[in-house]
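Right, one structure below, let's go through it.
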Amino acid sequence: VEQLLERGADVDVQDSGGTTPLHNAAISNASEVAELLLNRGADVNVQDVVGNTPLHNAASNNASSEAAEVLLDHGVDVNVQNNDGNTPLDLARRGDASETVELLLDRGAITSTQPKNRRVGVILGVIILLFLCFMIFVLFSP
């Protein structure tokens, strides 16, 4: 990795899914590679197409919390939500990664967050409003 970076490789290059080398280092718990990428300017808060940051990836890997700790040391947003409204803490809990859960809580993870994706509620509200308008029109039209 270091040789590629020395030859000008883009530290934040993304594949079609928005995954960067830092995402891959995090999911593999390659903390030394993550540290190298971050020291070379990788964006610690970069999100892929589903909104996952490298911390989401590290939190979903219950092998160890080393990569998560590196990301946290570099200022990653511990409470960022992906497109489904899940935080890294949510994924760590779901994966039964107790070491990572403890680390995230120690670093300020909020235990209860509001879902980011509220489209269903908005759409339902619009449908109800349109239905009420239709009923008023039908009932009061001559």
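Position one of the sequence shown corresponds to residue 2 (my numbering), numbered consecutively onward. Think of the CB as a built atom: it goes at the ideal place given N, C-alpha and C, for glycine as much as any other residue. Since this is a predicted model, take the numbers as computed values, not measurements.
How should residue i be labelled, buried or exposed, when 16 other C-beta atoms within 10 angstroms of its C-beta is the threshold for buried?
| i | result |
| --- | --- |
| I28 | buried |
| T88 | buried |
| Q4 | exposed |
| P22 | buried |
| L39 | buried |
| T112 | exposed |
| S32 | buried |
Measuring CB to CB, does residue i end up less than 8 Å from residue j?
| i | j | result |
| --- | --- | --- |
| D13 | D44 | yes |
| A35 | V71 | yes |
| A69 | L90 | no |
| N63 | G9 | no |
| V81 | R108 | no |
| L92 | H57 | yes |
Give me the residue from the options with the minimum Cα distance to residue i.
| i | options | result |
| --- | --- | --- |
| L37 | V2, L140, E100 | V2 |
| G18 | L131, V50, P143 | V50 |
Classify residue i as helix, strand or coil using the three-state DSSP reduction.
| i | result |
| --- | --- |
| T101 | helix |
| G96 | coil |
Quiz item: Which whole runs of the beta strand (DSSP E) in the segment 57 to 83 are 3 residues long or more, in chain order?
Solution: none
Quiz item: In chain order, which alpha helix (DSSP H) runs of at least 4 residues are fully inside the segment 11 to 64?
Solution: 22 to 28, 32 to 40, 55 to 61
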